[in-house]
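A.B. asks: My questions will all concern the structure given below.
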Amino acid sequence: MEGLTDLDKKKMGIAIALSLPEEGINSIQDKVFSNLSLEALNADDGIDKLIEFMDKIFKKDELSEAYEAYSELDRFRRNRCCNEAPPLLLSKDSMKKAKMKLDLENDSANIFGKDVQLQCTSSGHYCVPIDQLKIYIKVTATALVATQMTKDKTKIIEKLHKQFAHPSAKRL
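Under the UniProt record's numbering, read the sequence shown as residues 1 to 172, first letter to last.
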């Protein structure tokens, strides 16, 4: 933030809070000032407190969090010291969503339409080695996000678009 403005760090939190939309019953600015004191916003870490509060208000939905988790997994790289791939443990819910079909006789599974050989952990649970299963997670998660978009979310986006003076999608 400091490279973008000459404003004193102590004044950044209050300056941004005052620039938030203040129209209607669900005024973001009112929510900020009813939950954060002027002293908190004027402190050295006022901007950090404001960002933390805004994160709570605009909490991500479960699907977005799942996509981020998959993205993190996709970026995961093993250290050179590791000789074998770490296992990927799957919950019952995730197996249902992937329409997984288990073949217990052959210790294999069909995941996203691909046959995968399963391994066992020391506790006796099935696991899937990460390097064996190559699924384009970003494409799958993007498709899931697109199908979960509801009319309510579209209305929220339109409302934000109007509140922030009709910015482009990139700027919003």
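The beta carbon of each residue, even a glycine, is placed where N, CA and C say it ideally should be. Nothing here was measured: the structure is a model prediction, and the numbers come from that model.
1. Could you tell me the alpha carbon to alpha carbon distance between E105 and D115, rounded to whole angstroms?
2. Look at the alpha carbon of L7 and the alpha carbon of I16, and state the distance between them as a whole number of angstroms.
3. Are L38 and L50 touching if we call contact CB-CB under 8 Å?
4. Are there 16 or more other CB atoms within 10 angstroms of the CB of A69, so buried, or fewer, so exposed?
5. Ignore the nearest five residues each way along the sequence and tell me which others in E22's own chain have a CB closer than 6 Å to its CB.
6. Count the other CB atoms, across all protein chains shown, that sit within 10 Å of the CB of L41; report buried if there are 16 or more and exposed otherwise.
7. Rounding to the nearest angstrom, what Cα-Cα distance links V32 and M100 in this structure?
8. Write down every uninterrupted run of the alpha helix (DSSP H) in the stretch 13–80 whose length is 4 residues or greater and which is fully enclosed by it, in chain order.
C.D. replies: According to the structure shown:
1. If you number the sequence shown from 1, residue 105 lands on position 105. If you number the sequence shown from 1, residue 115 lands on position 115. In a straight line, the C-alpha of E105 is about 14 Å away from that of D115.
2. Translated into positions along the sequence shown, residue 7 becomes position 7. Translated into positions along the sequence shown, residue 16 becomes position 16. Here the alpha carbon of L7 sits roughly 11 Å from the alpha carbon of I16.
3. The residue you call residue 38 lines up with position 38 of the sequence shown. The residue you call residue 50 lines up with position 50 of the sequence shown. No, Cβ-Cβ distance for L38 and L50 is not below 8 Å.
4. Residue 69 sits at position 69 when you count from the first residue of the sequence shown. Exposed: under 16 other Cβ atoms inside 10 Å.
5. Position 22 of the sequence shown, counting from 1, holds the residue named residue 22. The residues Q29, in chain order, have a CB closer than 6 Å to that of E22 in the same chain once the five nearest residues on each side in sequence are set aside.
6. Here the question's residue 41 lines up with position 41 in the sequence shown. Buried is the call here.
7. Sequence index remark: in the sequence shown, residue 32 carries index 32 (1-based). Sequence index remark: in the sequence shown, residue 100 carries index 100 (1-based). So the alpha carbons of these two residues sit roughly 45 Å apart.
8. The stretch 13–80 is shown to contain whole alpha helix (DSSP H) runs of 4 or more residues at 28–35, 38–41, 46–57 and 62–75, in chain order.
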